[in-house]
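Just below is one structure, and these are the notes that go with it.
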Amino acid sequence: MQIIREASQLPSALIAMGDGGKSLALVPTMGALHSGHLKLITEASRVADRVAATIFVNPLQFGANEDFDRYPRQEEKDAAMLEEAGCDLLWLPQPAEFYPAGFATTVSVKGVSDRWEGEARPGHFDGVATVVAKLLCAVRPDIALFGEKDFQQLAVIRRMALDLQLGIEVLGVPTVRDEDGLALSSRNAYLSPEERSNAVELPRALNEAAEAISSGLLVSDALAAAKARLTRAGFSRIDYVALVNALTLEPLEQAGGPMRLIAAALIGRTRLIDNIAVGL
């Protein structure tokens, strides 16, 4: 696996990787890799001839009181995991080079970014859209892959790539979970043993609500029951538990069409998000 740190080295490396008309898939990450990230690499290897990954802890998508400084960083371990998984190229953008002095441009995606995470973390999706746009424009992959755990982020990136006519296919990859059902996340490392034990109530609450909605229970009653379950489990703050249209992310008061249950809640000092599809 080739490792690149300076942007000036990227064009020649990409030309070599595409030699002979080979296709390229990109997996952007913030590092602290786990099995969910490796599944993205595996899927990228399936859909393209060559696989590139990036590791960049993007300061633009962290709020003033969020965990940018303590976000786990393990570059050497991450690189070894990527190489073992079959990644061909790893780009490690340098912050001063990626956001040079005087940098003043951001990408804002309206509509799908307005609610939920957009309300709970103002400016977050501007940071996400900006960094992903820069990465896609620099690498110019045929396909970019993102995990469905960050379901709203996936919707924002799809909308951005379409609106900017980047000509890049954006693929979502199903969430990878621990044996007990908790979605894998780099932030799970923040959880104490007791918090980790209770955190599994998040996917359980969503699954219970999904079954209730599918069987005809009022959406409002199913959501209220899910919130109550999270409160009993020790979640100190519930930012949202909602049934939304899976395409627009607009809230649904009645079941119908493509649906997704989405949630974000705080346990201890760790904010967890999750989502599941809902069928009738």
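Residue 1 is where the sequence shown starts when you use this note's numbering, and the numbers rise one by one after that. The C-beta atom is built at its ideal place from N, Cα and C for all residues, glycine as well.
- Ala-79: member of the alpha helix (DSSP H) spanning 75 to 85, first to last residue.
- Rounded to whole angstroms, the gap between the alpha carbons of Ala-101 and Arg-140 is 24 angstroms.
- For Pro-95, there is no enclosing beta strand (DSSP E); the residue is part of the alpha helix (DSSP H) that begins and ends at 95 to 98.
- For Ser-45, the closest alpha carbon among the candidates Ala-79, Gly-21 and Cys-87 is that of Cys-87.
- Under the three-state reduction of DSSP output, Gly-36 falls in the helix class.
- Check the Cα spacing between Glu-169 and each of Ala-155, Arg-177 and Val-176: the tightest is with Ala-155.
- With respect to the C-alpha of Ala-246, the residue from Tyr-99, Ala-52 and Gly-172 having the closest C-alpha is Gly-172.
- DSSP places Tyr-190 within a helical segment (H, G or I) once states are collapsed to three.
- The criterion of a C-beta distance shorter than 8 angstroms is satisfied by Arg-73 and Gly-31.
- Under DSSP, the beta-bridge partners assigned to Val-27 are Ala-53.
- Excluding its 5 nearest sequence neighbours in each direction, Ser-108 has C-beta neighbours in its own chain below 7 angstroms: Asp-126 and Ala-129, listed in chain order.
- Note that the C-beta distance between Leu-252 and Val-219 is below 8 angstroms.
- By the criterion of a C-beta distance shorter than 6 angstroms, Leu-92 is surrounded in its chain by Arg-5 and Ile-55, once the five residues flanking it on both sides are discounted.
- Here Asp-69 carries a coil assignment [DSSP, helix/strand/coil].
- The beta carbon of His-34 lies closer than 7 angstroms to those of Leu-184 and Ser-186 in the same chain, with the five residues before and after it left out.
- Between Val-176 and Ala-189, the alpha-carbon positions lie close to 16 angstroms from each other.
- With a contact defined as Cβ atoms closer than 8 angstroms, Leu-40 and Val-27 qualify at about 5 angstroms.
- Ala-53 is the residue among Lys-22, Ile-15, Ala-53 and His-37 whose C-alpha sits nearest the C-alpha of Ile-3.
- DSSP places Thr-270 inside the beta strand (DSSP E), whose first and last residues are 270 to 278.
- Classified as buried, Lys-149 has 16 or more neighbouring CB atoms from the shown chains inside 10 Å of its CB.
- Bridge pairing for Arg-177: Ala-183 [DSSP].
- In this structure, DSSP gives Asp-239 an extended state, which the three-state scheme calls strand.
- When DSSP states are grouped into helix, strand and coil, Pro-251 belongs to the strand group.
- Residue environment: Asp-114 is assigned as exposed (fewer than 16 neighbouring CB atoms within 10 Å of its CB, all protein chains considered).
- Only exposed fits Asn-65, as fewer than 16 other CB atoms lie within 10 angstroms of its CB.
- Beta-bridge partners assigned by DSSP to Glu-119: none are found.
- Closest by C-alpha distance to Glu-117, out of Glu-76, Leu-164 and Gln-61, is Gln-61.
- Under the 10 Å beta carbon count, Pro-203 is surrounded by 16 or more other beta carbons and is classified as buried.
- Its chain contains Gly-63 as the residues whose beta carbon lies nearer than 8 angstroms to that of Pro-122, once the 5 sequence neighbours on both sides are disregarded; these appear in chain order.
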